[in-house]
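**Student:** Numbering (my numbering), first residue to last: -18 to 337. All residues carry an ideal CB built from backbone N, CA and C; glycine is no exception. A quick note: this is a predicted structure, and the numbers were derived from the prediction, not measured. This is the structure I have questions about; it appears just below.
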């Protein structure tokens, strides 16, 4: 398949720069694959599309404030994006895979200086702008990162000073709260599992109230999810592996539901990829943890997932390809064009879609 088949025109003003005032007030586009229908609702109306016995699976990964702003010993500014922790030497010494901006001028042995006593030492070059960096802190590295790090918002979220009448500090605090699901628990993601951002405690309670079951898995959203596809033939694209973990109790619940022909509803592409990885060698040989580089695009046969809740994704991204694999490419692109006409809000802080 060609990359251009997943392109669409999106006016810049439809890229959401801030979340809705209330998480579940975002819009919900409901797609029915069998009937080829498109409905327009609000996310708090989600229970109307659920029924007793449904199994809803959410990703409880927690986004870390992975953007660090520091200086080189020469005085030049540098931004470091923490990608993945590769080694914990002690509470105050860790090794991370990172991206840097700028990358030029750095070399093995270069030192980086951050606030609150955090220091970095360039240990090794990786592919592209990647580096292995040793971090050293006066106190716990985790605590220091929480103190000085900024949330790793996508580059399409662009705000000027004083946007919305708020100072940058207030905006940063807003992002720390809202670029995180209410059920975030396991630290390690560098991007939010955005489909989960729409859920509130009240909504989860209503879902349980109708007799649906809710379970959680962990997949740390990383480079694999958001790196762009550069191959014109998308089948040549390779996704960077991302860590995932599924408790045996969750597997047993999903397996039982499938045997009883109850629906498995995946909230997000990360949950979809984790569940499909789990079941790809059959229900008797589950892969419950490890790394997955599963790339789902049209033609893929789904083994675990029966319905999908997701956001509106970037053109030509692996995320829109996964959604197209589930919904059907032509039907999905029709829905995206309709969303543009209807003024839906797109991407991480935008609206949601449910495909049944």
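Quick one: what does DSSP say residue 284 is sitting in, helix, strand or coil?
**Tutor:** In the structure shown, residue 284 sits in coil (DSSP, three-state: anything other than H, G, I, E or B).
**Student:** With a CB to CB cut of under 6 Å and the five nearest residues on each side skipped, what residues in its chain are close to residue 142?
**Tutor:** Because the pLDDT of residue 142 is 47, which lies under 50, any placement of that residue in the model is unreliable, and the question is left without a value.
**Student:** Measuring only the C-alpha atoms, how far is residue 18 from residue 12?
**Tutor:** Cα to Cα, residue 18 sits roughly 6 Å from residue 12.
**Student:** Can you give me the C-alpha to C-alpha distance between residue 118 and residue 184, rounded to a whole angstrom?
**Tutor:** Computed Cα separation, rounded: 41 Å.
**Student:** Which whole-angstrom value describes the C-beta separation of residue 23 and residue 336, a residue pair presumed to lie in contact below a C-beta threshold of 8 Å?
**Tutor:** The pair is not a contact, with the Cβ atoms about 17 Å apart (cut-off 8 Å).
**Student:** At the level of alpha carbons, what is the spacing between residue 58 and residue 114?
**Tutor:** Cα-Cα distance, rounded: 16 Å.
**Student:** Take residue -2 and list the residues in its own chain whose beta-carbon comes closer than 8 Å to its own, dropping the five residues that flank it on each side.
**Tutor:** Same-chain partners within the cutoff: 138, 139, 140, 144 and 330.
**Student:** Return the first residue and the last residue of the alpha helix (DSSP H) that residue 251 is part of.
**Tutor:** First-last of the alpha helix (DSSP H) with residue 251: 250 to 260.
**Student:** Put residue 54 into one of helix, strand or coil per three-state DSSP.
**Tutor:** Residue state, collapsed to three classes: coil.
**Student:** Would you check if the distance between the CB atom of residue 197 and the CB atom of residue 231 is smaller than 9 Å?
**Tutor:** Yes, these two residues count as a Cβ contact at 9 Å.
**Student:** What ranges does the alpha helix (DSSP H) occupy inside the region 123 to 185, keeping only unbroken runs of at least 4 residues that lie completely in it?
**Tutor:** The qualifying runs are 149 to 159.
**Student:** Indicate whether residue 307 and residue 253 have their beta-carbon atoms separated by less than 9 Å.
**Tutor:** Taking 9 Å as the Cβ cut-off, residue 307 and residue 253 qualify as a contacting pair.
**Student:** First and last residue of the alpha helix (DSSP H) that includes residue 33?
**Tutor:** Looking at the DSSP string, residue 33 is not in any alpha helix (DSSP H), and its letter there is neither H nor E.
**Student:** By alpha-carbon positions, which one of 63, 38, 93 and 39 ends up nearest to residue 47?
**Tutor:** Comparing Cα-Cα distances from residue 47 to each of 63, 38, 93 and 39, the minimum goes to 63.
**Student:** Mapping DSSP to helix, strand and coil, what is residue -4?
**Tutor:** Looking at residue -4 - three-state DSSP - the assignment turns out to be strand.
**Student:** Please state whether DSSP places residue 232 in a helix, a strand or coil.
**Tutor:** If DSSP states are grouped into helix, strand and coil, residue 232 belongs with the helices.
**Student:** Near residue 91, what residues of its chain come up, given a Cβ to Cβ distance below 7 Å and the 5 sequence neighbours on each side ignored?
**Tutor:** Here the set comprises 53 and 103.
**Student:** If you check the beta carbons only, do residue 4 and residue 21 fall under 9 Å apart?
**Tutor:** Not a contact, by the Cβ cut-off of 9 Å.
**Student:** Does the distance from the CB of residue 43 to the CB of residue 165 come in under 9 Å?
**Tutor:** Going by C-beta atoms, residue 43 is nearer than 9 Å to residue 165.
**Student:** What does the alpha-carbon distance come out to for the pair residue 159 and residue 225?
**Tutor:** Roughly 23 Å between the two C-alpha positions.
**Student:** Indicate whether residue 35 and residue 81 have their beta-carbon atoms separated by less than 9 Å.
**Tutor:** In this structure, residue 81 does not lie closer than 9 Å to residue 35 by Cβ.
**Student:** By the three-class DSSP mapping on this structure, what secondary structure does residue 291 have?
**Tutor:** Reduced to three states, the DSSP call for residue 291 is strand.
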